[in-house]
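Undergrad:
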């Protein structure tokens, strides 16, 4: 896979919404719901950019949490990771233990980070999940379907 082959870049904002739990692009999990921007053409190559800008203050700053983002179906490659000034300290603490090279099914997105992954949406059609792999976040709605169509 090569970044130059990507036909689409999608931004997925990881956030917390008061009384609505954790969200992906402002949405929480619904069993069969798929937003327009979560519909993907089979065989396409895309970049998904997970954005965790955190946010202070709310609930004692607890929105400044890492999110291990997982995509069902096929593996992906991490192609870019950017950390803003607010997230630099936390990232420096653990960055030497993070390996972005190679094929992944989960990528850690720290507070203050934007992480781009490259994926081919292969041969299978149907509904697939993407979600935070923190069980508490997933249970509070930080999980969505994407649909691969012909």
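Residue numbers (this note's numbering): 57 to 206.
All residues carry an ideal CB built from backbone N, CA and C; glycine is no exception.
Predicted model, so just to flag it, every value in this text is computed and none were measured.
Taking only three categories from DSSP, how would you classify residue 155?
TA: Three-state result, residue 155: coil.
Undergrad: Could you check whether residue 57 and residue 101 sit closer than 8 Å to each other, using their CB atoms as the reference points?
TA: In contact: residue 101 and residue 57 (Cβ atoms closer than 8 Å).
Undergrad: Among all the DSSP beta bridges, which residues are the ones paired with residue 67?
TA: Answer is 105.
Undergrad: Starting from the Cα of residue 165, find the closest Cα among 70, 178, 192 and give me that residue.
TA: The shortest Cα separation from residue 165 among 70, 178, 192 belongs to 70.
Undergrad: Please list the terminal residues of the continuous alpha helix (DSSP H) segment that includes residue 145.
TA: Element bounds for residue 145: 144-150.
Undergrad: Give every residue of the same chain whose Cβ lies closer than 6 Å to the Cβ of residue 87, excluding the five residues on either side of it in the sequence, and list them in chain order.
TA: Hits under 6 Å: none found.
Undergrad: How far does the alpha helix (DSSP H) with residue 194 in it reach, from first residue to last?
TA: Per DSSP, residue 194 belongs to the alpha helix (DSSP H) from 191-195.
Undergrad: Under the rule that 16 or more other beta-carbon atoms within 10 Å means buried, what is residue 37, buried or exposed?
TA: Outside the displayed span of the chain (57 to 206) sits residue 37, for which this structure offers no information.
Undergrad: Grouping DSSP H, G and I as helix and E and B as strand, with all else coil, what is residue 130?
TA: DSSP places residue 130 in coil when its eight states are reduced to three.
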